[in-house]
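A short write-up of the structure that comes next.
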Ligand code: 3PG
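Residue numbers (our numbering): 1009 to 1314.
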């Protein structure tokens, strides 16, 4: 029986795993689970006879794809697929997909959880600041950007967005002010929330040149990827500007952020933007259905490789 493997170093909520299993059990495929693995070899062993794999941020490298001799499809249950080696997938005839939009609200809610936490001085009881009336820039208006904008309006923030890949009309229809350049976004907005993917164009693109344009008491919120940050240059900016705050759901590579600017940074202990039961169920179930749709009927919606 062909195997559908859920391989998640960071496990889904129990309910999500149960729902994925129930979907697979209705088919001719066999359900398999590898969670919380600590060693790459465990993944290499588990994928050996898998026809399909569901992963999260787990790295599906060439080594993994080569080890998975039966593999036909890998689905990243989530949005960003920078953890999949697409070339290796294509070279081995493996379809790669993501599940866009399924975990976006969870990430957007964390953006506000972290912004309020820092605006209220980590709930230490001292007088903080409010979000109402502040300008929020959404850097890339995809699914997460959309939810961030919706919640921001509830907070009474002034919302701006920049995204060269989304039409101005579409963003404006959501009641958001569209700016024409990334520089303009950062020049206008005290708060900027990052939602760009990590790719060759965006890596290290968030640097001190850009961030130095931000107004007083600037706050950068990163629930995207650490790779898009030019860490050395942001650290240099923070040394010059003691009004700059960096909040992120992804711990940086450099320990200097925490060591040198403890009061001005906040990092979640482990990437958790999409870590809600709802997001796990939505993205896990979508991944399972996409796999079955592909294996049984050749449906290629949300394919991300050629
Ligand atoms: C995504 O790209 O979907 C998010 O970064 C979530 O990642 P996770 O599945 O590792 O929580």
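Glycine included, C-beta positions come from ideal geometry on N, C-alpha and C.
Please classify residue i: does DSSP put it in a helix, a strand, or coil?
i: residue 1173; result: coil
i: residue 1120; result: helix
i: residue 1254; result: strand
i: residue 1113; result: helix
i: residue 1026; result: helix
i: residue 1052; result: helix
i: residue 1078; result: coil
i: residue 1272; result: helix
i: residue 1011; result: strand
i: residue 1106; result: strand
i: residue 1043; result: strand
i: residue 1017; result: coil
i: residue 1058; result: strand
i: residue 1312; result: coil
Should residue i be flagged as near chain D, meaning a C-beta pair shorter than 8 angstroms?
i: residue 1113; result: Absent from the structure: chain D. Only one protein chain is present.
Within 10 Å of its beta-carbon, does residue i have 16 or more other beta-carbons around it, so buried, or fewer, so exposed?
i: residue 1077; result: exposed
i: residue 1073; result: buried
i: residue 1267; result: exposed
i: residue 1131; result: exposed
i: residue 1198; result: buried
i: residue 1298; result: buried
With a threshold of 7 angstroms, establish whether the CB of residue i neighbours any heavy atom of ligand 1.
i: residue 1065; result: yes
i: residue 1087; result: yes
i: residue 1121; result: no
i: residue 1281; result: yes
i: residue 1018; result: yes
Compute the minimum distance between the beta carbon of residue i and the heavy atoms of ligand 2, and state whether it is under 7 angstroms.
i: residue 1111; result: Ligands in the displayed structure: ligand 1; ligand 2 is not one of them.
Next item on the list: Enumerate, from N- to C-terminal direction, the unbroken beta strand (DSSP E) stretches of 3 or more residues contained entirely within the segment 1128-1215.
Entry: 1143-1147, 1166-1170 and 1199-1202
Next item on the list: Give a yes or no on contact between the segment 1117-1134 and the segment 1228-1243, applying the rule of three or more CB pairs nearer than 8 angstroms.
Entry: yes
Next item on the list: Go through the segment 1213-1250 residue by residue and report every complete run of the alpha helix (DSSP H) that reaches 4 residues or more, in order.
Entry: 1216-1219 and 1239-1248
Next item on the list: Flag this pair as touching only if the segment 1084-1095 and the segment 1259-1276 have three or more C-beta atom pairs under 8 angstroms; answer yes or no.
Entry: no
Margin query: Across the segment 1280-1298 and the segment 1016-1031, are there enough close Cβ pairs to call them in contact, namely three or more that are closer than 8 angstroms?
Written below: yes
Note to self: Pairs of beta-carbons, one from the segment 1160-1176 and one from the segment 1207-1218, closer than 8 angstroms: are there three or more?
What the structure shows: no
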